[in-house]
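*Asks:*
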Amino acid sequence: MNRHAWLKSSAALAVTLAATGVSANGLSINEQSASGMGTGFAGRSSAAEDASTLFGNPAGMSRLDRTEVSGGFATIFASTDIDDAQGFTSGTNRGDMVPTATIPFGYLVAPLNDRWHAGIGIYAPFGVISDYEKGFQGRVHGLYSKVQVVTLQPTLSYQINDRVSVGFGPTINRISGKLTSQPLAALGSDAKVNIKGDDTGYGFNAGVLVQVTDQVRWGLTYHSAIDFGLEGRTRFSGFNPQIGPDGSYDAALDITMPESVDTSITWELDDRWTVYAGSTWTRWSRLDKIVVENSGLLAPYQPNFGAIEEQMKWEDIISWAVGASYQLNPQWVLRAGFTSDPSPTNDTHRTVRIPVSDRKVFSLGAGWDVTPDLTLDVAYSYLREAKGEINTADYTAEFRNDAHGLATQVSWRF
1 MNRHAWLKSS AALAVTLAAT GVSANGLSIN EQSASGMGTG FAGRSSAAED ASTLFGNPAG
61 MSRLDRTEVS GGFATIFAST DIDDAQGFTS GTNRGDMVPT ATIPFGYLVA PLNDRWHAGI
121 GIYAPFGVIS DYEKGFQGRV HGLYSKVQVV TLQPTLSYQI NDRVSVGFGP TINRISGKLT
181 SQPLAALGSD AKVNIKGDDT GYGFNAGVLV QVTDQVRWGL TYHSAIDFGL EGRTRFSGFN
241 PQIGPDGSYD AALDITMPES VDTSITWELD DRWTVYAGST WTRWSRLDKI VVENSGLLAP
301 YQPNFGAIEE QMKWEDIISW AVGASYQLNP QWVLRAGFTS DPSPTNDTHR TVRIPVSDRK
361 VFSLGAGWDV TPDLTLDVAY SYLREAKGEI NTADYTAEFR NDAHGLATQV SWRF
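Under my numbering, the first residue of the sequence shown carries the number 1, and numbering increases by one thereafter.
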């Protein structure tokens with residue numbers, strides 16, 4: 001790969017990530033509920049156990065009899081092993097580049113009358129933070145990444161009859177990010193590409209919840225695509241003028257985050273046992289390629305750096321989960337779940353910024369009714385990924401990720 005190609009790859013991917021986020025598989029975060037996390041989110045669109053259903057299925061708000069506030073956070077402890085690394089650039093491959101991250105969430109749902117409920121929620125649907133060591137061998141393609149996305153969702157639900165309810169909520173999504181790389185490291189240069197950007201995008205969540213029988217509920221939730229028009233700055237520093245355009249330039253990128261459909265079944269077997277099964281389809285094929293527009297460059301740099309195209313070649317995925325809960329006594333419920341979450345990328349197109357592979361997640365949780373008005377939920381999950389290869393022209397390696405997650409949530413009804 002020539003020097004200009006290294007710079008193209010780094011700049012394009014950096015701006016892409018500043019317009020999206022990285023976590024869960026692909027670019028998503030799953031942790032919007034501790035009660036749902038305990039069953040591996042297997043009943044996300046059908047359980048409707050507390051106010052966090054505003055995200056999982058807005059139609060589920062119809063099942064809440066009183067005003068309810070739910071809030072909490074999840075903390076993720078991730079690690080990465082890098083093996084068999086080779087490349088044109090000398091350097092280290094320590095792994096463990098993901099700092100401990102905390103993901104907050106909060107919801108308020110209130111009944112307006114016998115049929116209408118209103119609510120509002122704030123949560124993080126996308127996000128990433130990765131911080132490789134300064135001498136990382138793959139720093140040509142990525143060195144530091146931090147992206148934060150916060151979503152505000154006002155929501156209404158309507159109970160059509162005793163069996164069917166529907167819900168809808170627009171989403172306001174604010175994103176900001178910073179990413180760096182050293183595209184000429186193989187030449188012994190410390191030249192850097194630094195990307196900063198932010199934007200606000202709009203979408204919606206909609207759902208339907210059906211009480212099929214007295215014991216069985218079915219839910220379906222649609223999370224819309226979100227159009228982002230990222231505006232920010234691309235800063236090139238330390239470049240020889242014959243190679244790259246030192247300085248800061250306006251950067252713009254139009255990108256659409258994919259829609260997803262979540263469906264699940266909740267089956268109350270008896271007074272103690274409840275089982276859950278669910279599946280989520282995500283249209284990651286929207287990320288086939290991205291084009292970055294950098295403006296203000298001098299004419300000699302315009303052909304190479306004015307319009308930058310990066311191939312992603314992601315594919316649609318279907319994840320699935322199963323779970324169960326056991327009502328130990330009137331105050332305590334125990335939960336467990338298993339999730340299979342395939343990767344939208346593969347060994348040909350995987351990158352050091354998003355080195356995700358097929359995932360298996362094991363979850364445990366518990367809920368404690370401290371009083372009739374107050375519930376405390378906790379959950380633990382262990383995520384293990386299959387090995388995934390990075391195969392670029394100048395850097396190859398095997399990555400394997402795993403993570404421990406802890407979540408807690410308090411729900412107060414009044």
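In this text, a Cβ means the ideal position worked out from N, Cα and C, and glycines have one as well.
(1) Return the CA-CA distance between residue 352 and residue 390, expressed in angstroms with no decimal places.
(2) Relative to the alpha-carbon of residue 174, which residue among 229, 218, 212 has its alpha-carbon at the smallest distance?
(3) Label residue 65 either buried or exposed according to how many other C-beta atoms from any shown protein chain fall within 10 Å of its C-beta, with 16 as the threshold for buried.
(4) Which of the three DSSP states is assigned to residue 86 in this structure?
(5) Starting from the C-beta of residue 348, find all residues in its chain whose C-beta is less than 7 Å away, skip the five residues before and the five after it, and write them out in chain order.
(6) Is the segment 245-254 touching the segment 262-275 in the sense that three or more CB pairs, one from each, lie closer than 8 Å?
(7) Over what stretch of residues does the alpha helix (DSSP H) that includes residue 53 continue unbroken?
(8) Tell me the rounded alpha-carbon separation between residue 399 and residue 358.
(9) Curious, which full-length alpha helix (DSSP H) runs of at least 4 residues does the segment 268-352 contain?
(10) Please report how far the alpha carbon of residue 84 lies from the alpha carbon of residue 394, in whole angstroms.
(11) Roughly how many whole angstroms lie between the Cα atoms of residue 179 and residue 370?
(12) Residue 153: which of 99, 202, 378, 322 sits nearest, CA to CA?
(13) Between 283, 294, 326, which has its C-alpha nearest residue 316's C-alpha?
(14) Quick check on residue 94: does DSSP put it in helix, strand or coil?
(15) Would you kindly work out how many angstroms separate the C-alpha atoms of residue 232 and residue 366, rounded to a whole number?
(16) Per DSSP, which residues does residue 149 bridge with? Please list them.
(17) Spatial neighbours of residue 360 within its chain, please: CB distance less than 7 Å, with the 5 preceding and 5 following residues excluded, ordered by chain position.
(18) Taking the alpha carbon of residue 305 as the point to measure from, which residue in 295, 275, 354, 187 has its own alpha carbon closest?
(19) Please list, in chain order, all residues of the same chain as residue 92 whose beta carbon is under 8 Å from its beta carbon, the five residues on each side excluded.
(20) Does the Cβ-Cβ distance between residue 220 and residue 212 come in under 8 Å?
(21) If residue 50 and residue 68 are in contact, beta carbons under 8 Å, what's the gap, nearest whole angstrom?
(22) Quick one: grab the DSSP three-state call for residue 220.
(23) Grouping DSSP H, G and I as helix and E and B as strand, with all else coil, what is residue 225?
(24) So, for residue 95: in the same chain, excluding its five sequence neighbours on each side, which residues have a beta-carbon less than 6 Å away from its beta-carbon?
(25) By alpha-carbon positions, which one of 205, 313, 287, 377 ends up nearest to residue 54?
(26) Check whether the segment 183-194 and the segment 232-242 touch, using three or more Cβ-Cβ pairs below 8 Å as the test.
(27) So for residue 23, helix, strand or coil by DSSP?
(28) Mark residue 28 as exposed unless 16 or more other C-beta atoms lie within 10 angstroms of its C-beta, in which case mark it buried.
(29) Could you please give the first and the last residue of the uninterrupted beta strand (DSSP E) stretch that includes residue 388?
(30) Quick one: grab the DSSP three-state call for residue 36.
(31) What residues are listed by DSSP as bridge partners for residue 211?
(32) Within 10 angstroms of its Cβ, does residue 161 collect 16 or more other Cβ (buried), or is it exposed?
(33) Closer than 7 Å by C-beta to residue 131: which residues in its own chain qualify, once you throw out the five before and the five after it? Chain order, please.
(34) Just how far apart, CA to CA, sit residue 187 and residue 90?
(35) Can you tell me the Cα-Cα spacing of residue 356 and residue 403, whole angstroms?
(36) State yes or no: is the C-beta of residue 58 within less than 8 Å of the C-beta of residue 127?
*Replies:* Quick answer:
(1) Mapped onto the sequence shown, residue 352 falls at position 352. Mapped onto the sequence shown, residue 390 falls at position 390. Distance between the alpha carbons of residue 352 and residue 390: 7 Å.
(2) Start at 1 with the first residue of the sequence shown, and residue 174 comes out as number 174. Comparing Cα positions, the closest option is 229.
(3) In the sequence shown, counting from the first residue as 1, residue 65 sits at position 65. Under this definition residue 65 is an exposed residue.
(4) By 1-based counting over the sequence shown, the position of residue 86 is 86. DSSP places residue 86 in strand when its eight states are reduced to three.
(5) Locating residue 348 in the sequence shown gives position 348, counting from the first residue. Hits under 7 Å: 391.
(6) No, because fewer than three Cβ pairs between the segment 262-275 and the segment 245-254 fall closer than 8 Å, the two stretches do not touch.
(7) As a working note, residue 53 is residue 53 in the sequence shown. Unbroken alpha helix (DSSP H) run through residue 53: 53-56.
(8) Here the question's residue 399 lines up with position 399 in the sequence shown. Here the question's residue 358 lines up with position 358 in the sequence shown. When rounded, the distance between both Cα atoms is 12 Å.
(9) Considered as a whole, the segment 268-352 harbours 302-305 as its complete alpha helix (DSSP H) runs of no fewer than 4 residues, in chain order.
(10) Position 84 of the sequence shown, counting from 1, holds the residue named residue 84. Position 394 of the sequence shown, counting from 1, holds the residue named residue 394. Here the C-alpha atom of residue 84 lies approximately 14 Å from the C-alpha atom of residue 394.
(11) To locate residue 179, count along the sequence shown from 1; it is residue 179. To locate residue 370, count along the sequence shown from 1; it is residue 370. Spanning the two alpha carbons is a distance of roughly 44 Å.
(12) Mapped onto the sequence shown, residue 153 falls at position 153. Comparing Cα positions, the closest option is 202.
(13) For the purposes of this step, residue 316 is taken as residue 316 along the sequence shown, with counting starting at 1. When each option's Cα is compared against that of residue 316, the closest is 283.
(14) By 1-based counting over the sequence shown, the position of residue 94 is 94. Here residue 94 sits in coil by DSSP.
(15) Within the sequence shown, residue 232 is the residue found at index 232, counting from 1. Within the sequence shown, residue 366 is the residue found at index 366, counting from 1. Straight-line Cα distance between these residues: approximately 44 Å.
(16) Start at 1 with the first residue of the sequence shown, and residue 149 comes out as number 149. The partner list for residue 149 (beta bridge, DSSP) reads 175.
(17) Counting from 1 along the sequence shown, the entry for residue 360 is found at position 360. Only 340, 384 meet the Cβ criterion.
(18) In the sequence shown, residue 305 corresponds to position 305, counting from 1. Considering only alpha carbons, the answer is 295.
(19) Within the sequence shown, numbered from 1, the residue matching residue 92 stands at position 92. Excluding sequence neighbours, residue 92 sits near 133, 135, 136, 137.
(20) For the purposes of this step, residue 220 is taken as residue 220 along the sequence shown, with counting starting at 1. For the purposes of this step, residue 212 is taken as residue 212 along the sequence shown, with counting starting at 1. Contact: no.
(21) Working through the sequence shown from its first residue, we reach residue 50 at position 50. Working through the sequence shown from its first residue, we reach residue 68 at position 68. Between residue 68 and residue 50 the Cβ distance is about 6 Å, and since that is below 8 Å, they are a contact.
(22) Within the sequence shown, numbered from 1, the residue matching residue 220 stands at position 220. In this structure, residue 220 counts as strand in the three-state DSSP scheme.
(23) Here the question's residue 225 lines up with position 225 in the sequence shown. The answer is coil: DSSP assigns residue 225 none of H, G, I, E or B.
(24) Residue numbering aside, residue 95 sits at position 95 when the sequence shown is read from its first letter. Excluding residues up to 5 positions away in sequence, 80, 81, 82 lie with their Cβ nearer than 6 Å to the Cβ of residue 95 in the same chain.
(25) Working through the sequence shown from its first residue, we reach residue 54 at position 54. 205 is the residue among 205, 313, 287, 377 whose C-alpha sits nearest the C-alpha of residue 54.
(26) Taking one beta carbon from each stretch, the segment 183-194 and the segment 232-242 have 3 or more pairs nearer than 8 Å; the two touch.
(27) Start at 1 with the first residue of the sequence shown, and residue 23 comes out as number 23. Caution is warranted here: a pLDDT of 41 is assigned to residue 23, below 50, making its placement in the model unreliable, and no coordinate value can be reported.
(28) Here the question's residue 28 lines up with position 28 in the sequence shown. Counting of Cβ neighbours within 10 angstroms places residue 28 among the buried residues, the total reaching 16 or more.
(29) As a first step, residue 388 must be located in the sequence shown, where it is residue number 388. Its beta strand (DSSP E) spans residues 388-391.
(30) Here residue 36 corresponds to residue number 36 of the sequence shown, with the count starting at 1. Residue state, collapsed to three classes: helix.
(31) In the sequence shown, residue 211 corresponds to position 211, counting from 1. By DSSP's assignment, residue 211 forms a beta bridge with 217.
(32) Here residue 161 refers to the residue found at position 161 of the sequence shown. With a 10 Å radius around the Cβ and a threshold of 16 neighbouring Cβ atoms, residue 161 comes out exposed.
(33) Sequence index remark: in the sequence shown, residue 131 carries index 131 (1-based). Once the five neighbours on either side are set aside, the close Cβ partners of residue 131 are 97, 99, 144.
(34) Position 187 of the sequence shown, counting from 1, holds the residue named residue 187. Position 90 of the sequence shown, counting from 1, holds the residue named residue 90. Straight-line Cα distance between these residues: approximately 10 Å.
(35) Residue numbering aside, residue 356 sits at position 356 when the sequence shown is read from its first letter. Residue numbering aside, residue 403 sits at position 403 when the sequence shown is read from its first letter. Residue 356 and residue 403 have their C-alpha atoms some 12 Å from each other.
(36) Here residue 58 is taken as the residue at index 58 of the sequence shown, counted from 1. Here residue 127 is taken as the residue at index 127 of the sequence shown, counted from 1. No, Cβ-Cβ distance for residue 58 and residue 127 is not below 8 Å.
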